[in-house]
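Going by our numbering, the sequence shown opens with residue -6, and the numbers climb by one from there. Each residue gets a CB set at the ideal place from its N, CA and C atoms; glycine is no exception. All remarks here apply to the structure that follows.
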Amino acid sequence: MQMQFGDSVSVTRDGHVALVTFNRPPHNHISVESARDLADAFAAVDAEADLRCLVLQSEGKNFCAGADLVSREADGGLGSSINPLYDQAVRLFAARTPVIAAVQGAAVGAGLGLVLTADFRVAADTARFSANFVSLGFHPGFGITFTLPRLIGPSRASLMLLTGRRIKPEQALAWGLVEEVVPEAALRTAALQLAREIAEAGPLGVIATRATLRRGLAEAVRAQTAIEVVEQNWLRDTEDHKEGIRAVTERRSGNFKGR
-6 MQMQFGDSVS
4 VTRDGHVALV
14 TFNRPPHNHI
24 SVESARDLAD
34 AFAAVDAEAD
44 LRCLVLQSEG
54 KNFCAGADLV
64 SREADGGLGS
74 SINPLYDQAV
84 RLFAARTPVI
94 AAVQGAAVGA
104 GLGLVLTADF
114 RVAADTARFS
124 ANFVSLGFHP
134 GFGITFTLPR
144 LIGPSRASLM
154 LLTGRRIKPE
164 QALAWGLVEE
174 VVPEAALRTA
184 ALQLAREIAE
194 AGPLGVIATR
204 ATLRRGLAEA
214 VRAQTAIEVV
224 EQNWLRDTED
234 HKEGIRAVTE
244 RRSGNFKGR
C-alpha cells in the first residue's frame, strides 16, 4: 500500500500501522496546502479498518520548522477572519486513528502545533521544541494556547509561550511534552514499536477509549483558533511583527518598540 497526497505527504504501511511521511524541503515548513494533504492522509487512514495506529514522521533535518511565511495562504491572507491553516489543524485533531509523532530537529511554531495533534510524541536527541510566536511579535496559533497547557500545565506552557524559549528533549521528557527520547538513528524504530503495541490491542476498544479521552478536543481547538486569529489579525499589521519577521530572517534578536 502506498498513497500520495499532493507533493509533500505519502502514506505507506507496516502491518496494521500507517506511516505518514511529511516531506517539504528544506525544513518542512507547513502551508495550507500541505496541512490539507496531511489531513487528507489522516482521513484516508481512518477509512482503512485494518490500520489501527499512525506514525507521523518527516524527512530531513527538521520535523517542521513552522508555518510557511512566504505563502500568503499560510496565514489566511491579510485581514482574514478565518485561517484556513487552522481549519486543517482541526481536521487533524478530529481524526479517529491514534497518532504517534516521531520528532527530529526543530518543532517550532506551527510545527509544535503539529506535534501536539498527536497522542504521543517520541523525540530524537536532536529535537528542540519552541513556541516562538512572541519572537515574531505575534500571537500563537494552531490551537497551541489550548493544547500546550492541556499537555504540560499552564505554568510551563506560559513559560514557553511568553519567552519563546527552546526546550531540549530531556526537558520535554521531564515536562511530559514527549514520552520517550532516543538517538536520532533509532527514532523511527522507537515510534513504530509504540505504534505496534497500540495496534496489537483490541482495535474497537482502542478507538472507543481514545474517542472518550479526546471528546470535545477538536471542537475546543476550533473555538480557540477563532480567538487566536482575532489577535493575530491586528498584530499582523504592527511594526513589531514586521521587525520580528526581519529579525528571524536575519538571524538576530528583535528590536521591538511596542507599536
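Taking the alpha-carbon positions, what's the residue i to residue j distance?
| i | j | result |
| --- | --- | --- |
| A219 | F86 | 15 Å |
| S148 | D7 | 39 Å |
| H234 | R114 | 31 Å |
| R84 | M153 | 25 Å |
| D0 | G157 | 31 Å |
| R29 | Q81 | 6 Å |
| G70 | E221 | Only weak support exists for where G70 lies, its pLDDT of 46 falling under 50; the value from the coordinates is given anyway. For G70 and E221, the distance between alpha carbons rounds to 15 Å. |
| T119 | H132 | 27 Å |
| I145 | T14 | 26 Å |
| E243 | A192 | 45 Å |
| T205 | A178 | 35 Å |
When we look at the beta-carbon of residue i and count the other beta-carbons within 10 Å, is it buried (16 or more) or exposed?
| i | result |
| --- | --- |
| M(-6) | exposed |
| A94 | buried |
| V171 | buried |
| P19 | exposed |
| Q(-3) | exposed |
| T182 | exposed |
| E190 | exposed |
| E212 | exposed |
| E26 | buried |
| R245 | exposed |
Is residue i helix, strand or coil by DSSP?
| i | result |
| --- | --- |
| S123 | strand |
| D39 | helix |
| Q217 | helix |
| F15 | strand |
| V174 | strand |
| Q225 | helix |
| A165 | helix |
| A87 | helix |
| R114 | strand |
| A100 | strand |
| A211 | helix |
| A58 | coil |
| F(-2) | strand |
Taking the alpha helix (DSSP H) that residue i falls in, what are its first and last residues?
| i | result |
| --- | --- |
| V48 | From DSSP, V48 is part of no alpha helix (DSSP H) but of the beta strand (DSSP E) over 46 to 51. |
| M153 | 147 to 156 |
| Q186 | 180 to 192 |
| A201 | 196 to 206 |
List the endpoints of the continuous beta strand (DSSP E) containing residue i.
| i | result |
| --- | --- |
| T5 | 2 to 7 |
Give the single residue among the options whose Cα lies nearest to the Cα of residue i.
| i | options | result |
| --- | --- | --- |
| R252 | C46, V241, E232 | E232 |
| F249 | V175, E243, E236, T242 | E236 |
| V10 | L31, V92, G53 | V92 |
| G136 | R121, L105, F122 | L105 |
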